[in-house]
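This report concerns only the one structure given below.
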Amino acid sequence: MTDTTEARLRASFAQQSMMQTIGAELTSVADGTVTITAPVGDGVRQQQGFAHGGMLFSIGDSAAGYAALTTQPEGTEVMTIEMKINYLAPAAGQLEAVGRVIKAGRRMVVVAADIWADDGTRRRQVAMMQGTMIPVAS
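Using the UniProt record's numbering, you'd call the opening residue of the sequence shown number 1 and step up by one each time.
What follows is the structure, given as structure tokens:
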């Protein structure tokens with residue numbers, strides 16, 4: 001991956017107000033894989049005190065989408081066509097979403113993401129996702 005590709009992804013991520021609102025950071029970018037982290041703060045919890053499922057979905061979708069974008073040429077963006085999520089355990093503490101490309105094609109990119117939570121005593125997988133992105137002209 002080129003420095004230009006990483007800079008393009010980081011500039012795009014910086015424009016996502018949703019990610020800013022939840023305190024998410026783009027922590028790692030490589031060919032076909034992207035990691036996003038976010039704290040489970042007071043404003044993103046459900047009624048039992050764990051991370052709301054929408055937060056897990058948001059960072060997983062973004063990590064998978066940016067992983068897909070690493071396979072695309074400049075002047076291209078990606079959009080989610082469909083995404084499935086399995087919630088595996090309640091999430092508290094610090095979240096980490098690792099998105100990866102399963103298969104990149106010209107018309108669609110199949111992606112996955114694993115979401116982990118570290119509550120200070122243990123790190124465990126709390127969700128897994130699989131979906132499809134479509135390249136679009138920016």
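We put the beta carbon where it would ideally sit given N, CA and C, even for glycine.
- Query: Among residues of its own chain, excluding the 5 on either side of Y87, which ones have a beta-carbon nearer than 8 Å to its beta-carbon?
  - Reply: G53, L56, V126, A127
- Of all the options S62, D118, P90, A91, which has the alpha carbon lying nearest to the alpha carbon of R100? S62
- C-alpha distance - T37 paired with V78, whole-angstrom precision: 20 Å
- Message: Considering just the uninterrupted stretch of the beta strand (DSSP E) at T80, what are its terminal residues?
- Response: 76-87
- Message: Let's see if you can read the secondary structure: which residues bound the beta strand (DSSP E) around I102?
- Response: 94-104
- Outcome for M129 when other beta-carbon atoms lying within 10 angstroms are tallied against a minimum of 16: buried
- So, is S138 buried or exposed, given that buried needs 16 or more other C-beta atoms within 10 angstroms? exposed
- Task: Could you have a look at R8 and say whether DSSP puts it in helix, strand or coil?
- Result: helix
- Task: Could you tell me the distance, in whole angstroms, from the CA atom of I102 to the CA atom of A89?
- Result: 24 Å
- Query: Among the residues of its own chain, which have a CB less than 6 Å from the CB of A113, if the five just before and after it don't count?
  - Reply: G60, A63, A64, A97, G99, M129
- Got a sec? Which residues, its chain only, sit under 6 Å from E82 by beta carbon, not counting five neighbours each side? G131, T132
- Message: Taking the alpha carbon of V111 as the reference point, which residue from G41, K84, M19, D42 has its own alpha carbon closest?
- Response: K84
- Item | Residues near D118 in its chain [Cβ-Cβ closer than 6 Å; skip 5 each side] | G93, Q94
- Message: Considering just the uninterrupted stretch of the alpha helix (DSSP H) at Q130, what are its terminal residues?
- Response: Element bounds for Q130: not the alpha helix (DSSP H) but the beta strand (DSSP E), 123-137.
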